[in-house]
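Trainee: Residue numbers (this note's numbering): 490 to 670. The C-beta atom is built at its ideal place from N, Cα and C for all residues, glycine as well. What you are looking at is a predicted structure, and each value in this text was computed from that prediction instead of being measured.
1. Hey, would you say residue 566 sits closer than 7 angstroms to residue 591, going by beta carbons?
2. From residue 634 to residue 568, what distance separates their C-alpha atoms?
3. Could you spell out the range, first to last residue, of the beta strand (DSSP E) harbouring residue 612?
4. How about residue 655 and residue 564: are their beta carbons less than 7 angstroms apart?
5. Cα-Cα, which of 511, 609, 520 and 572 is closest to residue 631?
6. Please state the DSSP three-state secondary structure of residue 585.
7. On the CB-based measure, 16 or more other CB atoms within 10 Å of its CB, does residue 485 come out buried or exposed?
8. Quick check: the region 493–507 against the region 552–563, are at least 3 beta-carbon pairs closer than 8 angstroms?
9. Within 8 angstroms, do at least three Cβ pairs link the region 637–653 to the region 614–626?
10. For residue 568, does the three-state DSSP call read helix, strand or coil?
11. From the DSSP output, which residues share a beta bridge with residue 657?
12. Could you please give me the residues that DSSP links to residue 618 through a beta bridge?
13. Tell me whether residue 638 sits in a helix, a strand or coil according to DSSP, three-state version.
14. Shorter than 7 angstroms from the beta carbon of residue 620 to some beta carbon of chain B?
15. By the 10 Å Cβ neighbour count, where 16 or more other Cβ atoms means buried, how is residue 621 classified, buried or exposed?
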């Protein structure tokens, strides 16, 4: 394990937002070295499946290959809330801003790419997550609302994080079949 990981603040790890960082603080965890005191089982009890990711990340373990020049497969934006959202209506109020951010990013970074799927990601107060995605739907606020309602209905739990995104076709635009409408 790389020695620099011991003093690395946990907030630098992927997936750790303000609320997760606060939960770790209540466990007296501020650095990766402190997080390493916990077993896989303990972290899973506290954070669900995300606990397994934390266990590996704080030890510098990431089996994904580094591909600096690869083309992006997706684009997304998300927000972690300091106070959990309790209702579908509260979540819907946050959706327009996320949609605008995503649309701007797609226009700036991937204007020539073909969108194959849109998705909504929810992380709940108990750290469980769900993602609802659909192929063939155009990116629109209304379509994201439909996916949000489906995701929220799966548990009805308080929402800690809300994200929206798109997945792209693997072929260049010139080879893809374009929408006729």
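Mentor: A quick look at the data gives this:
1. Remark: C-beta atoms of residue 566 and residue 591 approach each other more closely than 7 angstroms.
2. Answer to the nearest angstrom: the Cα atoms are 16 angstroms apart.
3. Secondary structure note for residue 612: its beta strand (DSSP E) is the uninterrupted segment 604–613.
4. Remark: C-beta atoms of residue 655 and residue 564 approach each other more closely than 7 angstroms.
5. Minimum Cα distance to residue 631 is reached at 609.
6. In the structure shown, residue 585 sits in a helix (DSSP, three-state: H, G or I).
7. This structure cannot settle anything about residue 485, because the visible part of the chain is limited to 490 through 670.
8. No, the region 552–563 is not in contact with the region 493–507.
9. Proximity of the region 614–626 to the region 637–653 meets the contact definition, three or more beta-carbon pairs being nearer than 8 angstroms.
10. Reduced to three states, the DSSP call for residue 568 is strand.
11. Note: residue 657 sits in a beta bridge opposite 604.
12. Residue 618 is bridged to 612.
13. Secondary structure at residue 638: helix, using DSSP grouped into helix, strand and coil.
14. Structure shown: chain B not included; a single protein chain is present.
15. When all chains shown are included, residue 621 counts as buried.
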